[in-house]
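Every position in the sequence shown, counted from 1, becomes a number in my numbering once 146 is added. C-beta atoms are modelled at their ideal positions from N, C-alpha and C, and glycine is treated no differently. Small disclaimer: the values here were computed from a predicted structure and weren't measured. What follows is a set of notes on a single structure, which appears directly below.
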Amino acid sequence: MRQIIALGGGGFSMEPENPLLDNYVLKQANKPVPSICFLPTASGDAENYITRFYQAFENLDSSPSHLSLFKPPTRDLEDFILTKDIIYVGGGNTTNLLILWREWGLDKILKIAWEQGVVLAGISAGSICWFEEGVTDSYGDKLEPIKALGFLKGSNCPHYDGESERRPSYHKLIQDGRIQPGIAADDGVAVHFIDQKMTRVVSSRPNAKAYHVSFENEVIEKELKTESLG
C-alpha cells in the first residue's frame, strides 16, 4: 500500500498546540511507536524547525529522527530512509528542495520507499513535491507553477485560505492552462492518498476544507467532503 498525506498547512510547525494532524499521520503507519523521519530540506535545514519537530514528536507515540543533506548522518541514504515508517517533509522553498533531492538521488530513494510502504507526508513545499505540479512562491513574491516529482497526478495548492493570493493565483493558472487541475487545501487540512487515489480529507480546524479545482469554460471549485478530527 502506497500512502501520501498532503497537508495544506497545520501540523507541528503551524499548530504546535494542536497535534490532531500529526497524530493522524502517525496512525497511518499502523504501529504502536512508528519511526518518523523529518526532511527539513526546503527550509535549508533550519535548526529551529528541526528543534520544533523533535519537541512535537517526542511528546507523541513515535520515534523521531531527521535527515540533513547539509550534514548527512550516513553515506547510505537509501538504507537510512528505508528503515523508517514515515517520512515527513517540511515547508520552505520547493525549488531548492527538488534541486537538492535530485542532486543527492533522494527523489529516486523516496519513490522506492513509497513503493515499499513507507508513509510519505508533508506540509506546504512538503505537500507540493509529491504532485506533478504545484503553485510556489520559491522564486520571490509572485506565485508561479512548478514541476514536481509526479508521484501523484495533477497539481497542488497548499495554504489555500491562509495566504490571500493563493486562491486567485491558482484559479488564474488553471484558467490560462499554465497548470493542470488539481487539489487545493486550506491550512489545517490533510488530503490522504492511497495508491494515487484520494481516499480521505481530514481537518484539525472546524471550517477548513479541501477542493478540486478545474476549468471548463469557467473555473470550477468543487468542495471535497472533509472530516473534522476534533
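Alpha-carbon spacing of residue i relative to residue j, whole angstroms
i      : j      : result
ASP207 : VAL265 : 16 Å
PHE277 : ARG312 : 17 Å
ASP253 : PRO218 : 16 Å
SER270 : ALA192 : 16 Å
HIS317 : THR240 : 20 Å
PHE226 : ILE182 : 12 Å
TYR195 : GLY237 : 9 Å
GLY272 : TYR234 : 8 Å
ILE366 : ALA267 : 27 Å
PRO291 : LYS343 : 23 Å
GLY251 : ALA259 : 13 Å
ASP287 : LYS173 : 36 Å
GLN321 : ASP283 : 19 Å
ASN169 : LYS355 : 19 Å
TYR285 : ARG221 : 31 Å
Whole-Å CB distance - residue i paired with residue j, under 8 Å assumed
i      : j      : result
PRO314 : VAL359 : Contact flag wrong, Cβ pair sits at about 11 Å.
ALA294 : GLU309 : Actually they do not touch by this definition, with Cβ atoms about 19 Å apart.
GLU373 : TYR357 : Going by Cβ atoms, the distance from GLU373 to TYR357 rounds to 15 Å, so no, they are not a contact pair.
PRO210 : PHE203 : 4 Å
ASP231 : PRO178 : Contact doesn't hold; Cβ gap of about 11 Å is too wide.
LEU213 : LEU185 : 5 Å
LEU298 : PHE339 : 6 Å
Contact check, residue i vs residue j, beta carbons under 8 Å
i      : j      : result
LYS154 : ASP332 : Strictly speaking, residue 154 in this sequence is Gly, with Lys absent from that position. Yes, the Cβ-Cβ distance between GLY154 and ASP332 is below 8 Å.
ALA152 : ASN302 : yes
SER350 : LEU223 : no
SER348 : LEU319 : The question names Ser, but residue 348 is Val in the sequence shown. Contact flag unset, no.
PRO304 : ILE325 : no
Which listed residue (the options) has its alpha carbon closest to that of residue i
i      : options                        : result
ALA336 : TYR306, LEU256, ILE227         : TYR306
LEU228 : PRO291, TRP250, LEU256         : LEU256
ASN242 : THR187, PRO180, VAL179         : THR187
GLY296 : LEU244, ALA175, PRO304, GLY334 : LEU244
GLY334 : LEU213, ARG346, GLU161, MET147 : GLU161
ALA330 : GLY300, LYS343, TRP250         : GLY300
LYS371 : PRO178, ARG346, LYS230, HIS338 : ARG346
GLN389 : GLY263, LYS177, THR282         : As displayed, the chain neither begins before 147 nor continues past 376, which places residue 389 out of reach and without an answer.
ALA175 : PHE199, MET147, TYR200         : MET147
SER159 : ARG221, LYS173, THR197, ASP287 : THR197
GLU362 : ASP341, LYS355, GLY323         : GLY323
ASN205 : ASN164, TYR285, GLU249         : ASN164
ASP341 : GLU364, LYS355, GLU261         : GLU261
TYR200 : LEU289, GLY157, ARG221         : GLY157
Sequence ranges, beta strand (DSSP E) only - wholly within the stretch 190-272, length at least 3: 209-212, 232-235, 265-269
Residue ranges of each beta strand (DSSP E) within the stretch 285-335, 3 or longer: 290-293, 298-303, 328-331
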